Structures are given as C-alpha cells and as structure tokens.
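Asks:
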C-alpha cells in the first residue's frame, strides 16, 4: 500500500510536466519593446506616426494618422530620472505611447496593433504579458490620472481573450505594472489556423478626478508564450496506465505478504 501511495503522489508532477512553462515557446513579436525607430522622426525624446512592426488601431477615425495635432501614437524615450518614468522604460530605452490632449477624452478608443506570423494552434495554452505604464506629469503636461487601457489577443480578427483595464487604480504615477492574459485552446476552436494579433488600446476615458488632464497610456515589453498541452484523451490514457501499474504493484505486494 505504501508503494501505491508513493506512485500516486507522482501523478500531479507528471501532469504538470506535460505543460511546463519551461516548454513554452516565445512567439515572435516584431519590435516588442518599441526600440526600433528606424525611419521615424525623433524629436525631444518622441517619435510619432507609424511604428516598426505595428499598425495604427483607430476604429473611429479620430487620430489623423496618429501624428497630431490632437492624437499621437508613437514612442517615448524617458531620460534618466525623467519625471515621466523615474525608473525608465520597463524594458530597453523606449516605450510605446498613445496620447491625446485634454478636451478629446471620450471620443473613442485607439492605439496600436500587430498581426503575427504565428497562427492559433489546437491544444495550446497562450500567455500574453504587457507592461502598462501610468505616465507621471512633466513640467509641460498635466498627465494626472489614467484614461484606462485594454489588451486584446485576437485570431483572424476575432478577440479570443482580453484584459479590459484590470489594473486601473493599481498603477502608481510614473510606474509600470504587468497585464496578463491566459487562454487555452482545445482540439476544436472556430479560429484555429488564423493569424494571431495583439492589440494595445488607450480607452480614452476621462478620469473624473482629473477632468482637465491630458490622456496617455504607455506600453512596453510585449511577450506572448505558447505551450502545447495534452489532449484529454492523452491525459486519460496516462491516468489509466498509472492505475494499471499501481494495481499490479498492489496485487504483487499482497501476494508477497500472504502467509
């Protein structure tokens, strides 16, 4: 009986090893920390307009291409001890920004998105991490408060998982916190084989505590991991096999202990 108990204790470890994080594949995201600004106009620590690897997300047509005069999508390079982010970017030197001036809050969401080469696979667990920044006010801009954010994971243009502003109120001014989305497919899913897409959104909601402030959300260090998980039939076969081995050992132990 002791041997049977010891064998059964190994079941959780075996099952965990089948979907271990160490087996996760890092899915390729182009320019995941917004460090590549080749071809962009760098001025006073900012770039605006199209980002390397990323497309503008503007479902309401409000940003005028993301290069002003009211809406700006681009990058920021926080200087050392910058009032915006005293500890600098979450990864590397730059962060992605989605900024709009006060008076345009509530006109609609916007941001950036990227379609990946990878496609949605069956029996796969996905984990998407994005650093979300709550920029602090500098000497020229009132950036108090937070306009809200959303991170979407899509396949074939259809949202399959999202983080809808779960960190709101939890990110200190001038700091970053990690948004995480976890999602798993089975052997059947309507979007299997469709291209994966990541969307980073400024919800553009006026913060009631700071109604006259400009509105900005910052993004950095995007990581998408995919881990193959066993099919239910494989797990069932594993458990049956372990049960049969345990039963044989138990019976053998009974025979050996018989008078």
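Numbering (mature numbering (1 follows the signal peptide of the UniProt record, and there is no 0)), first residue to last: -24 to -1, 1 to 235. Glycine included, each C-beta is placed from N, C-alpha and C at the ideal position. Quick caveat: nothing in here was measured; it's all calculated off a predicted structure.
Whole angstroms is fine: what's the gap from residue 116's alpha carbon to residue 62's?
Replies: Rounded to the nearest angstrom, the two C-alpha atoms are 16 angstroms apart.
Asks: Does DSSP put residue 190 in a helix, a strand or coil?
Replies: Three-state result, residue 190: coil.
Asks: Just to confirm before moving on: does the CB-CB distance between residue 77 and residue 2 stay below 9 angstroms?
Replies: Their beta carbons are not under 9 angstroms apart, which means residue 77 does not touch residue 2 by this criterion.
Asks: Once you ignore the five residues that flank residue 145 on each side, which residues in its own chain have a CB closer than 6 angstroms to its CB?
Replies: The answer is none, since no qualifying residue turns up.
Asks: Sorted by chain position, which residues of the same chain lie with C-beta nearer than 6 angstroms to residue 67's C-beta, five sequence neighbours on each side aside?
Replies: Same-chain partners within the cutoff: 9, 196 and 197.
Asks: Just tell me which of 41, 94, 86 and 34 has its CA closest to the CA of residue 172.
Replies: Looking at the Cα atoms, 94 is the closest of the given residues.
Asks: Give the single residue among 71, 86 and 180 whose Cα lies nearest to the Cα of residue 41.
Replies: Checking every option, the nearest Cα to that of residue 41 belongs to 86.
Asks: Could you name the residues of the same chain whose beta carbon sits closer than 7 angstroms to that of residue 207, not counting the 5 residues immediately before and after it, in chain order?
Replies: Taken in chain order, the residues that qualify are 99 and 163.
Asks: Below 9 angstroms between beta carbons: does that hold for residue 129 and residue 137?
Replies: The answer is yes: Cβ separation under 9 angstroms.
Asks: What number of angstroms, rounded off, separates the C-alpha of residue 39 from the C-alpha of residue 109?
Replies: Their backbone Cα atoms lie some 21 angstroms apart in a straight line.
Asks: Please determine, among 200, 205 and 177, the residue with the shortest C-alpha to C-alpha distance to residue 4.
Replies: Of the listed residues, the one whose Cα sits closest to residue 4 is 200.
Asks: Enumerate in chain order the residues of its own chain whose CB-to-CB distance from residue 118 is below 8 angstroms, with the five nearest sequence positions on each side excluded.
Replies: Contacts found: 78, 186, 188, 189 and 190.
Asks: Who are the near neighbours of residue 34 in its chain, counting only those whose CB is closer than 6 angstroms to its CB and skipping five residues on each side?
Replies: So the qualifying residues of the chain are 86.
Asks: State the start and end residues of the unbroken beta strand (DSSP E) segment that holds residue 172.
Replies: First-last of the beta strand (DSSP E) with residue 172: 171 to 178.
Asks: Go ahead and pull the three-state DSSP assignment for residue 87.
Replies: Reduced to three states, the DSSP call for residue 87 is strand.
Asks: Mind checking which residues open and close the beta strand (DSSP E) that includes residue 153?
Replies: Its beta strand (DSSP E) spans residues 151 to 160.
Asks: What distance in whole Å lies between the Cβ atoms of residue 181 and residue 81, which are believed to be in contact at a cut-off of 8 angstroms?
Replies: Yes, residue 81 and residue 181 are in contact; Cβ-Cβ is about 7 angstroms, under 8 angstroms.
Asks: Check this for me: beta carbons of residue 178 and residue 18, under 9 angstroms apart or not?
Replies: In this structure, residue 18 does not lie closer than 9 angstroms to residue 178 by Cβ.
Asks: I think residue 50 touches residue 27, with their Cβ atoms under 8 angstroms apart; what is that distance to the nearest whole Å?
Replies: Between residue 27 and residue 50 the Cβ distance is about 7 angstroms, and since that is below 8 angstroms, they are a contact.
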